[in-house]
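Peer 1:
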Amino acid sequence: MTDLSTNAAAMAVTAPGTHRTERYIPLPLNAARLLTLLGVVVSIASTFMSWTYTTDFPGDLTVSGYPGGLQIMTLIAAILTGVVALGAFRVKGLSWLNPSRSHNSVLLLALGTLGTTWYTVIDIAAKLGGLANLDPGAFVAAIGSLELFAGALALPIDRHPREDDDADYPELGALGGLQPVAAGYRRLRELRPTHADIKVPDPRRLNVWLQRLAIVVVFAAGLKVLTFGLATSYSDIFLGYMIVVSFGFWGLGAAGLLRQFQQLTRNNRVFSSSVGILAAIAYPFAQNNEHWANLGVSVLIVGTVALGLNIVVGLTGLLDLGYVAFLGVGAYTAALVSGSPYSIWSGVQFPFWAAALAGAAAALVFGVLIGAPTLRLRGDYLAIVTLGFGEIFRIVVKNLDGVSGPKVTNGPNGIAQIPDLSIFGYNLGAAHDIGSFTLGRFANYYLLMLVITVIVVLVFTRAADSRIGRSWIAIREDETAATAMGINGFRVKLVAFALGASLAGLAGTVSAHVTNSVVPDPYVFSGSVPPNSAFLLAAVVLGGMGTVSGPILGAALLYVIPEKLDFLARYELFAFGIALVLIMRFRPEGIIANRRRQLEFHEDAATAPAQRPLGDDTVSAGTAGA
Amino acid sequence: MTTTIPHQPTPEQAPDGGPLLQASGVIMRFGGLTAVRDVDLTVNTGEIVGLIGPNGAGKTTFFNCLTGLYVPTEGTVSYQGTVLPSKPHLVTKAGIARTFQNIRLFANMTVLENVLVGRHTRTREGLLSALIRGPGYHRAEAASRARAMELLEFTGLAAKADHLARNLPYGEQRKLEIARALASEPGLLLLDEPTAGMNPQETRATEELVFAVRDQGVAVLVIEHDMRFIFNLCDRVAVLVQGEKLVEGTSEVVQQDERVVAAYLGEPFEGTPGDGPTTTGEQENDR
Ligand SMILES: Nc1ncnc2c1ncn2[C@@H]1O[C@H](COP(=O)(O)OP(=O)(O)OP(=O)(O)O)[C@@H](O)[C@H]1O
Ligand SMILES: [Mg+2]
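Residue numbers (full-length UniProt numbering), protein chains in the order written: chain A, 1 to 626; chain B, 1 to 287.
(1) Mind pulling the chain D residues with CB within less than 8 Å of residue 180 of chain B?
(2) Is residue 391 of chain A helix, strand or coil by DSSP?
(3) To the nearest angstrom, report how far apart residue 29 of chain A and residue 21 of chain A are at their CA atoms.
(4) Distance check for residue 339 of chain A and residue 139 of chain B, CA to CA, integer angstroms please.
(5) Please state whether the Cβ-Cβ distance between residue 696 of chain A and residue 450 of chain A is less than 9 Å.
(6) Ligand 1 heavy atoms versus the CB of residue 59 of chain B: any closer than 8 Å?
(7) Check whether the Cβ of residue 303 of chain B lies closer than 8 Å to any heavy atom of ligand 1, and answer yes or no.
(8) Given that residue 473 of chain A touches chain B, what residues does it touch there, using C-beta distances under 9 Å?
(9) What did DSSP end up calling residue 53 of chain A once you bin it into helix, strand or coil?
(10) Jot down the residue ranges of each uninterrupted alpha helix (DSSP H) in the stretch 280 to 330 of chain A, minimum 4 residues, whole runs only, in chain order.
(11) For residue 234 of chain A, does the three-state DSSP call read helix, strand or coil?
(12) Flag residue 259 of chain B as yes if its beta-carbon sits less than 9 Å from any beta-carbon of chain A, otherwise no.
(13) For residue 177 of chain B, is the beta carbon positioned less than 8 Å from some heavy atom of ligand 2?
(14) For ligand 2, is there any heavy atom lying closer than 8 Å to the beta carbon of residue 223 of chain B?
(15) Starting from residue 432 of chain A, follow the beta strand (DSSP E) in both directions and report where the run begins and ends.
(16) For chain A, check one thing: does any of its Cβ atoms lie closer than 9 Å to the Cβ of residue 130 of chain B?
(17) Considering residue 437 of chain A, what are the terminal residues of the beta strand (DSSP E) in which it resides?
(18) Could you tell me how far apart the beta carbons of residue 543 of chain A and residue 530 of chain A are, in whole angstroms, since I believe they sit closer than 8 Å?
(19) Is it buried or exposed for residue 192 of chain B, if we count other Cβ within 10 angstroms and need 16 for buried?
(20) So residue 93 of chain B contacts chain A; which residues on that side make the cut at Cβ distance below 8 Å?
(21) According to the neighbour-count rule (16 or more other Cβ atoms, all chains shown, within 10 Å of its Cβ), is residue 71 of chain B buried or exposed?
(22) Could you pull out every residue in the same chain whose Cβ sits closer than 6 Å to the Cβ of residue 161 of chain B, ignoring the five residues on either side in sequence?
(23) Pairing CB atoms from the stretch 587 to 594 of chain A with CB atoms from the stretch 562 to 578 of chain A, are three or more of them under 8 Å?
(24) Roughly how far, in whole angstroms, is the beta-carbon of residue 323 of chain A from the beta-carbon of residue 503 of chain A, given that I think they are within contact range, below 8 Å?
(25) Alpha carbon to alpha carbon, how far is residue 558 of chain A from residue 443 of chain A?
(26) Verify the contact flag: residue 310 of chain A, CB atom, against every heavy atom of ligand 1, threshold strictly below 8 Å.
(27) Examine chain A for any beta-carbon lying closer than 9 Å to the beta-carbon of residue 157 of chain B, and answer yes or no.
(28) Ligand 1 heavy atoms versus the CB of residue 35 of chain B: any closer than 8 Å?
(29) Here's the rule: buried if 16 or more other CB atoms are within 10 angstroms of the residue's CB, otherwise exposed. What is residue 74 of chain B?
(30) Is residue 226 of chain B close to ligand 2? I mean its beta-carbon at under 8 Å from any heavy atom of the ligand.
(31) Using 10 angstroms around the beta-carbon of residue 173 of chain A, count the other beta-carbons present and answer buried if the total reaches 16, otherwise exposed.
(32) For the beta strand (DSSP E) containing residue 223 of chain B, list its first residue and its last residue.
(33) Does the Cβ of residue 101 of chain B lie closer than 8 Å to at least one heavy atom of ligand 4?
(34) Give the C-beta separation of residue 49 of chain B and residue 236 of chain B to the nearest angstrom, bearing in mind that I take them to be a contact with Cβ-Cβ under 8 Å.
(35) Quick check: what's the CA-CA separation for residue 411 of chain A versus residue 395 of chain A?
(36) 9 Å is my cut-off, CB to CB: does residue 154 of chain B come that close to chain A?
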């Protein structure tokens, strides 16, 4: 315990350019620890009290002795904070809970606790009209979380290195020339916590069965967290949930747990992907509710399409602004061969596999038709042409109604009454009982879409890590150098473009059946209904270009958040724009950083001396704890 | 440094000593500016040929004409007797590989991946085989990796195979460019200022590297401002001034030529290559 405090004091005066730890509030270390733990205890205790008199506030916070609604958020955040704090304080046997031993995780989780608690308290007062509606429990919670946050601020926090006195800040513009402004700005920059370069013990030294157990536990917990969030019935609760989840991830990342988990999954690739798929399969069973299953299908569809777009944008670096049209091509193809009475070939009904192939093939043909003349050009031409193509597709489809043009697509009315799919005699339109579970229509389609998603993920990963995938990335990095290495830029780009298009087409065939009808209107560049080109592009950028899970996560977030926060409805596009700007400014690599980005850290770790002693006790403690 | 460069000579390699590359009457005009005027140049198998000239003489432009990056206004470039198409990837496929004056690595790929991209023309696997991943695919991929690792070994970068290219120090980035170019199993390697920005030790190492490359049967055409490097290395040197080839000959001939001295060196080049500090001041003002 004492070694750390002297350490921290010594580190506070380190030279510029080196990593350092410093506290925001000067308090003796033990007092800070006590304050933090006290804050945790008080926050936890407060959730068992009543926070308000009336049941008018969402989630019923009137019950004493049992946390409910938003109180659960405070409870979970406080418990997590306590857990990483005990790890950071190196309590014997618990240090595996915080492998990086950074107090940053405590601070971030404390901030999450503070955020959700104060949000709740303020929301109660605002919604119900005044502080008079608060029970003592609410005040205890507010004070407890504040105490916790204050305690965390007094802990030694890992910070960005000191910057040179004469460092230049071009982002300040002309103001940067003023000495006090620059100095103030530098001080602000030095306040920023960082934990990116802290080494964590390699979890791969654990027994392989323990590793697998950890993977299963994490996936189960992830499924629980996901379903909990989707099950929230009020936007108030969902907002509190988002606060806790965001800070939770950030905090667990600072603790090094996410990095360890990543190492585990990389080490047990097959095992963890099977567990991941099993968790995804378990989703409709864990949430026996058609609305959530519907949400699940929609997320899988947009996620899969975003992943296809990721080949074009993320790997090859081609900006495609009309990508949603390929989804439309697939959907319309499937609708035409579905046996719908509104199809011009109403007698034709392809089995699903044939319809899926036809949809993918049609999209592929369109991809080649659009790509062949434009991919020879560099730069912005492609963006403009694809933007045009997206619009042309929608307008043409609208006009092929037998009046303005030949009757193919039934114009603006679209093709309705698309019959449900039947695969091997299993009718996806009807509910099926499996044991004590009932799989409804959307759950059936969810499972079908899951198969498609797995296929697309497989295609993406295999293509990305191969000769052709490397040439895509090479083209993205430097097209001139790539061609000088013997890569036929045009051909390779065309393959990427066509592959991306056909994956979207494939997803489109399922989406036509899920919605029972296809109409031209959703296939626009930008709109408030999800599958549009801007949405897909945002999902890729937000989630992380060039990664597998990034676009899927991005699509899920962009789809679910507006769904849950109904007050956003009018400002959705605005919020969307703000989110993109913030991401581009503060985390340009997206939520999930590319493996290549992580190599930078890997390199730092390899060349820089270890930041802190890495005792072996972590592993033995981990073994004992797990 | 290992001396066994893992090079499998290109099948239809010309007999030893024959002309490998033959550029005749190459003219490159940019609007009113003629960057390359009627230049003839031959590189024979097993030769190291130097190309020197003051800044802006048109050396890089000439390289770009050779490798299909520019379509020469006039003139032809033939390799092993066949006229080269003006498509960079076909030129590489034919057996000419190059590096760039301003390093053009794939910055966000790893060192190994950079070299693997260089193997592109010597491997066949398309998208389908990548998706199916049959035994043939795994064999080809493993062979490619093994060969890339050999090249990294050869250039002394093996320990950094997993690092991002952009995180390498400058000298190693230049080496990686050479390794990447060699990965395409060229018969002729074009190096555009391979030692620019290097310290004397690194320059020496590069010199040895170029010799080792030549010893494996790869002809080298090298642009350089470092005279000592050039005169140490080259069997023949051509001097380009204002787009025109002024002189061509052995190091001695070129060093003694008054026009070269006047146009380029400024003062007589003292001493034989390799003794004492001579023209090192010359290339400092280059960048
Ligand atoms: N794409 C281009 N368009 C117009 N002018 C060009 C182009 N490329 C090169 N030039 C001009 O051609 C001339 C020769 O340039 P080049 O880069 O070939 O010189 P260099 O001999 O390689 O010089 P250095 O030693 O500085 O590398 C210069 O005047 C340059 O400005
Ligand atoms: Mg040049």
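For every residue, glycine included, the Cβ atom is placed at its ideal position computed from N, Cα and C. Please read these numbers as outputs of a predicted model, since none were measured by experiment.
Peer 2: Reading off the structure:
(1) Although the question refers to chain D, the structure presented lacks it and instead comprises the protein chains A and B.
(2) Position 391 of the first sequence, counted from the start, is the residue given in the question as residue 391 of chain A. Residue state, collapsed to three classes: helix.
(3) In the first sequence, the residue the question calls residue 29 of chain A occupies position 29. In the first sequence, the residue the question calls residue 21 of chain A occupies position 21. Going by the C-alpha atoms only, they are around 13 Å apart.
(4) Taking the second sequence and counting its residues from 1, one reaches residue 139 of chain B at position 139. Taking the first sequence and counting its residues from 1, one reaches residue 339 of chain A at position 339. Using only the alpha carbons, I get a separation of about 46 Å.
(5) This structure cannot speak to residue 696 of chain A, because chain A is shown only from 1 to 626.
(6) As a working note, residue 59 of chain B is residue 59 in the second sequence. The answer is yes for residue 59 of chain B.
(7) Any answer about residue 303 of chain B is impossible in this case: the structure gives chain B only from 1 up to 287.
(8) Along the first sequence, read from residue 1 onward, the residue named residue 473 of chain A stands at position 473. Simply 106, 108, 109, 113 and 117.
(9) The residue you call residue 53 of chain A lines up with position 53 of the first sequence. Coil at residue 53 of chain A, not helix or strand.
(10) 290 to 310
(11) Locating residue 234 of chain A in the first sequence gives position 234, counting from the first residue. Three-state DSSP puts residue 234 of chain A in coil, outside helix and strand.
(12) What you label residue 259 of chain B is simply residue 259 of the second sequence in a count that begins at 1. For residue 259 of chain B, the answer is no, since every Cβ of chain A falls outside 9 Å of its Cβ.
(13) Stepping through the second sequence from its first residue, residue 177 of chain B is reached at position 177. Outside the cutoff, so no.
(14) Position 223 of the second sequence, counted from the start, is the residue given in the question as residue 223 of chain B. For ligand 2, at least one heavy atom lies less than 8 Å from the Cβ of residue 223 of chain B.
(15) As a first step, residue 432 of chain A is located in the first sequence; it is residue number 432 there, counting from the start. Its beta strand (DSSP E) spans residues 432 to 434.
(16) Here residue 130 of chain B refers to the residue found at position 130 when the second sequence is read from its first residue. It does: the Cβ of residue 130 of chain B has a partner Cβ on chain A nearer than 9 Å.
(17) The residue labelled residue 437 of chain A in the question sits at position 437 within the first sequence. Per DSSP, residue 437 of chain A belongs to the beta strand (DSSP E) from 437 to 439.
(18) Position 543 of the first sequence, counted from the first residue, corresponds to residue 543 of chain A. Position 530 of the first sequence, counted from the first residue, corresponds to residue 530 of chain A. In fact, because the Cβ distance is near 14 Å, the residues do not count as touching under 8 Å.
(19) What you label residue 192 of chain B is simply residue 192 of the second sequence in a count that begins at 1. Classification for residue 192 of chain B: buried.
(20) Translated into the one-based positions of the second sequence, residue 93 of chain B becomes position 93. Per Cβ cutoff of 8 Å: 486.
(21) For the purposes of this step, residue 71 of chain B is identified with residue 71 of the second sequence, where counting begins at 1. Result: exposed.
(22) Reading the second sequence from its first residue, position 161 is the one you call residue 161 of chain B. Once the five neighbours on either side are set aside, the close Cβ partners of residue 161 of chain B are 111, 112 and 152.
(23) no
(24) In the first sequence, the residue the question calls residue 323 of chain A occupies position 323. In the first sequence, the residue the question calls residue 503 of chain A occupies position 503. Not confirmed; about 10 Å, so no contact.
(25) By 1-based counting over the first sequence, the position of residue 558 of chain A is 558. By 1-based counting over the first sequence, the position of residue 443 of chain A is 443. Spanning the two alpha carbons is a distance of roughly 21 Å.
(26) Residue numbering aside, residue 310 of chain A sits at position 310 when the first sequence is read from its first letter. No - ligand 1 has no heavy atom lying nearer than 8 Å to the Cβ of residue 310 of chain A.
(27) Residue numbering aside, residue 157 of chain B sits at position 157 when the second sequence is read from its first letter. False, the Cβ-Cβ gap to chain A never drops below 9 Å.
(28) The count along the second sequence starts at 1 and reaches residue 35 of chain B at position 35. Because some heavy atom of ligand 1 lies under 8 Å away, the Cβ of residue 35 of chain B counts as near it: yes.
(29) Translated into the one-based positions of the second sequence, residue 74 of chain B becomes position 74. Exposed, because fewer than 16 other Cβ atoms sit within 10 Å of the Cβ of residue 74 of chain B.
(30) Reading the second sequence from its first residue, position 226 is the one you call residue 226 of chain B. For ligand 2, not one heavy atom lies less than 8 Å from the Cβ of residue 226 of chain B.
(31) As a working note, residue 173 of chain A is residue 173 in the first sequence. Exposed, because fewer than 16 other Cβ atoms sit within 10 Å of the Cβ of residue 173 of chain A.
(32) By one-based count along the second sequence, residue 223 of chain B stands at place 223. Element bounds for residue 223 of chain B: 219 to 223.
(33) What this structure holds is ligand 1 and ligand 2, not ligand 4.
(34) Residue mapping note: residue 49 of chain B aligns to position 49 of the second sequence, counting from 1. Residue mapping note: residue 236 of chain B aligns to position 236 of the second sequence, counting from 1. Indeed they touch by this definition, with Cβ atoms about 5 Å apart.
(35) In the first sequence, residue 411 of chain A corresponds to position 411, counting from 1. In the first sequence, residue 395 of chain A corresponds to position 395, counting from 1. Approximately 9 Å, taken between the alpha carbons.
(36) Residue mapping note: residue 154 of chain B aligns to position 154 of the second sequence, counting from 1. So no, residue 154 of chain B is outside the interface.
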